[in-house]
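Input: a single structure, listed below in C-alpha cells.
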Amino acid sequence: MTQMIDLRRRGLLRGSGITVLSASAVALLAGCERKAVAQSANGGAAANDVGILNTALALENEAISAYQLGAQSGLLQKPVLEVAVLFQTHHKEHRDALIATIRKLGGTPVAAKSDAEVAQALNASALKTQTDVLRLAQRLEKGAANAYIGVIPSFGDRNLAQVSARLAADEAMHWTVLTQALKDPLPAKALSFGA
Amino acid sequence: MRLPVLPLAMLALAAAADAAAADAAHGQELYESRCGGCHSLDANRVGPAHRGVYGRKAGSAPNFNYSSAVKSSTVVCEEKTLDAWLTNPQSLIPGQRMNFRVALPQDRADIIAYLRQQSGK
Numbered sequence: 485m486t487q488m489i490d491l492r493r494r495g496l497l498r499g500s501g502i503t504v505l506s507a508s509a510v511a512l513l514a515g516c517e518r519k520a521v522a523q524s525a526n527g528g529a530a531a532n533d534v535g536i537l538n539t540a541l542a543l544e545n546e547a548i549s550a551y552q553l554g555a556q557s558g559l560l561q562k563p564v565l566e567v568a569v570l571f572q573t574h575h576k577e578h579r580d581a582l583i584a585t586i587r588k589l590g591g592t593p594v595a596a597k598s599d600a601e602v603a604q605a606l607n608a609s610a611l612k613t614q615t616d617v618l619r620l621a622q623r624l625e626k627g628a629a630n631a632y633i634g635v636i637p638s639f640g641d642r643n644l645a646q647v648s649a650r651l652a653a654d655e656a657m658h659w660t661v662l663t664q665a666l667k668d669p670l671p672a673k674a675l676s677f678g679a
Numbered sequence: 052m053r054l055p056v057l058p059l060a061m062l063a064l065a066a067a068a069d070a071a072a073a074d075a076a077h078g079q080e081l082y083e084s085r086c087g088g089c090h091s092l093d094a095n096r097v098g099p100a101h102r103g104v105y106g107r108k109a110g111s112a113p114n115f116n117y118s119s120a121v122k123s124s125t126v127v128c129e130e131k132t133l134d135a136w137l138t139n140p141q142s143l144i145p146g147q148r149m150n151f152r153v154a155l156p157q158d159r160a161d162i163i164a165y166l167r168q169q170s171g172k
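Heads up: the protein sequence lines correspond to chains A and B, in order.
Residues in the first sequence are numbered consecutively from 485, following the numbering used here.
Residues in the second sequence are numbered consecutively from 52, following the numbering used here.
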C-alpha cells in the first residue's frame, strides 16, 4: 500500500516531466501571488512570513511521514486505510502549496526529515493497534489545526493569514473524521479549537 | 468608613491572586492540544524537546537545529521570558521561527506552570 502511494505520486511527476502544483495548491496560492511582489519591498515582514511558512512546512512533512508510517504499519484496515491515504494526499498538497509560496517570497523550503527520524520522534514503535495509529493521527491533526490558528496573528500578509485559516480548517476536518472513527464524543462546547 | 475599605481591597487582591494562580494540570491539556502539533517533551520535532526548558538558556536543547536568532539569544527561559515568548515570540527574539501566540494570560501561565513542573523546577 505504501509503495502504491509513492509510486502513484512518482508516476504523476514522471508523466508531467516537472513538479506541477496540484489544482488545489494553485487555488490556495491564488490570493497571494499579487502580494509576493509587494512583499519583496518589505523584507522584514516577508522574511518573518517565510519563517512561519517554513515551520508549517516542517509540520506538514511530519504529518506526511506519520501517515506513511501508519499505512506501512499493517495496522490499518479498510476503509480506515483509504481515509488515511486520502488525508496524506491532503498534507502533500499543503506541502506543495507551502513550498511554492516560500519560493515566491524568495525563501528556501526546509528539507523533510526521513520517515525513520519521524518514527523515532513520534515513538512509532509503540503503535500496536489501529486505534493507536488513529489516536496518534488525531493528536497530530488537532495540534496542526491549533498551530495554524496560533500563527495567524503573526503573519504580515493578511492573505497568508487567510491561507493559514484554510489549512487549519482541513486539519480540523481530519480531526473530526478521526474522532468519529474512534467513536469519541464530539466537543460539548463551541470554540474547542485554538483553546 | 475606613474599616470596610481594607477588607474589600483584600478581597479584590485575593480574587486577583486566584485568577492568576497557575494550573499545571490545565497547562498540560493546553500543551498537548496547542503545542503538541510541533513539540514533545522528550523528542525534537518541528520544535525542540521541552523537558528541562524552564531555567535553561533559549536555543540550548541538544541536537535541535535552531534559528540563528534563537541560538545567539541570551534569553533564559523562566516565568517572565516564557510569558513574553508565548505572547509574541517575534517581539522577544526577532528572527525566531515559532511565531505561535497564546492570547490569554491565564493560558500562558498554565502552560508555563506545566513546563516548569516537567523541568523539575
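Yeah, the Cβ is synthetic: ideal placement off N, Cα and C, and Gly gets one too.
Fair warning: this is a prediction, and the values are worked out from it, not measured in the lab.
In this structure, A:Asn630 lies near A:Phe677, with their beta-carbon atoms less than 8 angstroms apart. Looking at A:Glu625, A:Gly591, A:Ala547, the one whose alpha-carbon comes closest to that of A:Ala530 is A:Gly591. When the five nearest sequence neighbours on each side are left out, the beta carbons in the same chain lying within less than 6 angstroms of the beta carbon of A:His575 are those of Glu544, Ala547, Ile548, in order along the chain. With a 10 Å radius around the Cβ and a threshold of 16 neighbouring Cβ atoms, B:Thr125 comes out exposed.
Here the alpha carbon of B:Lys122 sits roughly 12 angstroms from the alpha carbon of B:Arg107. In this structure, the straight-line span from the alpha carbon of A:Asp580 to that of A:Ser648 is close to 14 angstroms. Contact of B:Gln157 with chain A is not assigned, every C-beta pair being separated by 8 angstroms or more.
The three-state secondary structure of B:Lys172, taken from DSSP, is coil. Interface residue (Cβ-Cβ distance to chain B less than 8 angstroms): A:Val617 is not classified as such. 8 angstroms or more divides the Cβ of B:Arg159 from the Cβ of A:Ala605.
Taking the C-beta atoms as reference points, A:Leu670 is found no nearer than 8 angstroms to A:Leu618. Put simply, the CB of A:Lys626 is near chain B, with a gap under 8 angstroms to one of its CB atoms.
The beta carbons of B:Lys172 and B:Tyr105 sit closer together than 8 angstroms.
The alpha helix (DSSP H) runs of length 4 or more contained entirely in the region 592-656 of chain A are, from start to end of the chain, 599-605, 614-635.
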